[in-house]
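Counting the sequence shown from 1 gives a position; this note's numbering is that position plus 3.
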Amino acid sequence: MVISGASALSVRVFASSQSWIESDAVDQCHRVAALDGMRHVAGMPDLHPGKGAPIGAAMLSSVLYPFLVGSDIGCGIAVFPIKLKRPNLERLAARFPDLDRALTPDDELWPDEIPADHPESLGTVGRGNHFVELARVDEVMQEGRVGKGDLVLIVHSGSRGLGESILRAHTEVHGAGPAADPAAYLEAHDQAVRWGSLNRRLMAERVAHALGAATAEPIVDECHNFVEVRDGLYLHRKGAARGIGNDVLVAGTRGTPSYLVAGHAGAEANFSVAHGAGRKMSRSDALRRNKAKHTVTELRRTAVGSLVVCGDRQLLFEEAPTAYKRIEQVIGDLVAHELATPVAVTIPLVTYKTRDR
C-alpha cells in the first residue's frame with residue numbers, strides 16, 4: 004500500500020490488507036517522513052510501533068538521525084551450520100551454556116587480539132527478543148545454501164551495552180535531533196556493528212562447544228539495526244535488513260518456522276526486507292494475556308515440539324509465539340511485493356532465551 008504524508012515526501016508500507024499493521028506504527032512512519040531531510044520511508048510487513056520511531060522500517064534521509072537506529076546498534080541475525088549426531092532435545096537443552104555470563108580472558112574460547120576496551124558483556128545474548136536457537140532445515144526451495152535435515156544455530160543479538168552507550172551519549176546532548184558530527188557517530192556506530200557480529204560468532208562457538216560440536220562460517224550474518232551511507236544519503240534501518248542480492252534469515256518465533264530468503268528489494272523498499280515476524284502485542288499486553296491463557300510448563304514446550312530454555316517467567320509470557328504476527332503472512336507479503344524469494348524453512352528444536360534458574 005502507498006501512503007502519502009502531509010508533506011511531499013513518501014511513505015510506503017509493503018503489506019497486504021490481511022496483514023496486522025497498527026495505526027500507531029503507520030503514524031510513526033508519517034512523523035519520521037516529516038523530519039528535515041527525509042526522502043523516503045519504507046515500512047516492512049513486520050512493521051510495529053517502537054519508542055519514538057517505527058520498528059520494521061528503512062528510512063532514507065540527507066540527515067543522520069541516531070535515534071532512528073536506536074540503542075542496539077549492530078543487532079542482527081546470523082546462521083551457522085552445525086553437525087550433531089542423533090540430537091536428543093532434553094539433553095541438548097540441558098547442555099546449553101550460560102549466555103548471561105560474559106566471556107573473560109580466562110575462558111577457553113576467548114578470541115585472540117581483543118582490544119582492551121572490549122564490551123564487558125562480550126559473548127552474551129541479552130534479553131527482549133534476542134535468542135540462540137538450534138534449528139533443523141525442514142524444507143528447501145532453492146538448492147545450494149542448506150540441505151533438508153541440516154542443523155543450524157540461529158543467533159539473534161547485537162552489540163549489547165556498547166550500542167546503548169553510543170545512543171545515550173548523543174541523546175543526552177541532542178535528544179532526537181540529528182548527529183552534530185556524522186563522521187564521529189559513524190565511527191562509533193561501525194565499531195558497534197563489528198562487535199555485534201563478533202558477539203554472534205562467539206555465542207555460536209560457545210553453544211557448539213558445549214554441545215560437543217563445531218560451527219562453520221555463517222551462511223548469513225545480517226544486521227537489522229544500523230545506518231548505511233548510500234549515494235551520499237543516510238539509509239537508517241530499524242528492524243529491517245539489507246535485502247539486495249543477499250540472503251536474510253527472517254525469524255519467526257520460538258514456536259513457529261523461520262525463513263531463509265534471498266533479498267532482491269528495490270529503491271521503493273529502500274533496498275530492505277523484514278527481519279522477523281514483528282510484535283503483534285506490546286510486552287505488557289502479552290504478559291497479561293498469556294499469563295491468563297498459559298502456564299509456564301506449557302510455554303517451555305512449543306506446538307512444534309521444540310524446547311525453550313528460559314528461567315525468566317515474565318520473559319516467557321512476553322515472548323510467547325502469540326505475541327507475534329504470523330510469519331507466513333510476513334513472508335507472503337515479501338513475495339507478493341517482489342522483495343524476497345524463500346530459500347529454506349527452519350523449525351526450532353531448542354531456543355535459548357536466558358539460563359534456567
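Beta carbons: idealized from backbone N, C-alpha and C, even for Gly. Since this is a predicted model, take the numbers as computed values, not measurements.
With 16 as the cutoff for other CB atoms within 10 Å, does residue i come out buried or exposed?
{"i": "glutamate 123", "result": "exposed"}
{"i": "asparagine 91", "result": "exposed"}
{"i": "threonine 357", "result": "buried"}
{"i": "lysine 241", "result": "buried"}
{"i": "glutamate 225", "result": "buried"}
{"i": "glycine 55", "result": "exposed"}
{"i": "glutamate 175", "result": "exposed"}
{"i": "aspartate 336", "result": "buried"}
{"i": "arginine 171", "result": "exposed"}
{"i": "valine 353", "result": "buried"}
{"i": "alanine 18", "result": "buried"}
{"i": "proline 118", "result": "exposed"}
{"i": "serine 20", "result": "exposed"}
{"i": "serine 275", "result": "buried"}
{"i": "valine 346", "result": "buried"}
Quick check on residue i: does DSSP put it in helix, strand or coil?
{"i": "valine 82", "result": "strand"}
{"i": "threonine 325", "result": "helix"}
{"i": "phenylalanine 17", "result": "coil"}
{"i": "asparagine 249", "result": "strand"}
{"i": "methionine 206", "result": "helix"}
{"i": "leucine 87", "result": "coil"}
{"i": "arginine 358", "result": "coil"}
{"i": "glutamate 239", "result": "According to the sequence as given, residue 239 is histidine; it is not glutamate. In this structure, histidine 239 counts as strand in the three-state DSSP scheme."}
{"i": "alanine 347", "result": "strand"}
{"i": "alanine 211", "result": "helix"}
{"i": "serine 160", "result": "strand"}
{"i": "glutamate 231", "result": "strand"}
{"i": "isoleucine 101", "result": "Just to set this straight, residue 101 is aspartate in the shown sequence, not isoleucine. Aspartate 101: coil per DSSP, three-state reduction."}
{"i": "leucine 352", "result": "strand"}
{"i": "glutamate 190", "result": "helix"}
{"i": "valine 128", "result": "coil"}
{"i": "alanine 195", "result": "helix"}
Between which two residues does the alpha helix (DSSP H) containing residue i stretch?
{"i": "valine 338", "result": "330 to 339"}
{"i": "alanine 172", "result": "164 to 177"}
{"i": "arginine 34", "result": "26 to 36"}
{"i": "leucine 71", "result": "69 to 72"}
Comparing alpha-carbon positions, which option in the options lies nearest residue i?
{"i": "alanine 343", "options": "Gly178, Leu252, Lys328, Ser13", "result": "Leu252"}
{"i": "serine 287", "options": "Met41, Val128, Thr218, Leu319", "result": "Leu319"}
{"i": "valine 315", "options": "Glu331, Asp250, Thr325, Leu290", "result": "In the sequence on display, residue 315 carries aspartate and not valine. The shortest C-alpha separation from aspartate 315 is found at Leu290."}
{"i": "phenylalanine 70", "options": "Gly335, His43, Ala280, Asn228", "result": "Asn228"}
{"i": "alanine 213", "options": "Tyr262, Thr305, Leu137, Ser200", "result": "Leu137"}
{"i": "asparagine 202", "options": "Leu238, Gly269, Gly126", "result": "Gly126"}
{"i": "alanine 277", "options": "Ala295, Lys283, Ala254, His297", "result": "Ala254"}
{"i": "asparagine 293", "options": "Ala280, Ser168, Val307, Glu322", "result": "Glu322"}
{"i": "cysteine 313", "options": "Ala28, Gly131, Arg42, Asp141", "result": "Gly131"}
{"i": "threonine 256", "options": "Thr298, Gly215, Glu331", "result": "Glu331"}
{"i": "glycine 53", "options": "Asn273, Met41, Asp30", "result": "Asp30"}
{"i": "arginine 282", "options": "Pro324, Ala272, Val348", "result": "Pro324"}
{"i": "arginine 233", "options": "Arg139, Val35, Leu63", "result": "Leu63"}
{"i": "proline 351", "options": "Phe274, His192, Arg303", "result": "Arg303"}
{"i": "glycine 246", "options": "His267, Gly258, Val230, Tyr262", "result": "His267"}
{"i": "alanine 191", "options": "Gly180, Val230, His33", "result": "Val230"}
{"i": "alanine 211", "options": "Gln194, Ala187, Leu156", "result": "Leu156"}
{"i": "arginine 329", "options": "Ala347, Gly161, Gly279, Thr305", "result": "Gly279"}
{"i": "isoleucine 80", "options": "Val149, Ala270, Val223, Arg104", "result": "Val223"}
{"i": "histidine 51", "options": "Trp23, His33, Gly40, Leu38", "result": "Trp23"}
{"i": "valine 16", "options": "Met41, Ala61, Arg42", "result": "Ala61"}
{"i": "threonine 259", "options": "Lys151, Tyr327, Val346, Asp110", "result": "Tyr327"}
{"i": "proline 185", "options": "Ala37, Ser65, His43, Ser26", "result": "Ser65"}
{"i": "arginine 197", "options": "Ala216, Arg163, Arg89", "result": "Arg163"}
{"i": "valine 264", "options": "Ala244, Ala272, Ala270", "result": "Ala244"}
{"i": "glycine 59", "options": "Asn273, His121, Asp120", "result": "Asn273"}
{"i": "serine 285", "options": "Ala179, Asp27, Ser13", "result": "Asp27"}
{"i": "isoleucine 85", "options": "Glu167, Arg209, Leu102", "result": "Arg209"}
Identify the continuous beta strand (DSSP E) that holds residue i and give its terminal residues.
{"i": "serine 64", "result": "58 to 64"}
{"i": "glutamate 93", "result": "That residue, glutamate 93, is in no beta strand (DSSP E); its alpha helix (DSSP H) goes 92 to 98."}
{"i": "histidine 51", "result": "41 to 51"}
{"i": "valine 140", "result": "134 to 143"}
{"i": "valine 149", "result": "Counting along the chain, valine 149 falls outside any beta strand (DSSP E), and DSSP gives it neither H nor E."}
{"i": "glutamate 225", "result": "223 to 226"}
- Unbroken stretches of the alpha helix (DSSP H), 4 residues or longer, contained in the segment 253 to 319: Runs of the alpha helix (DSSP H) inside the segment 253 to 319: 286 to 296, 299 to 303.
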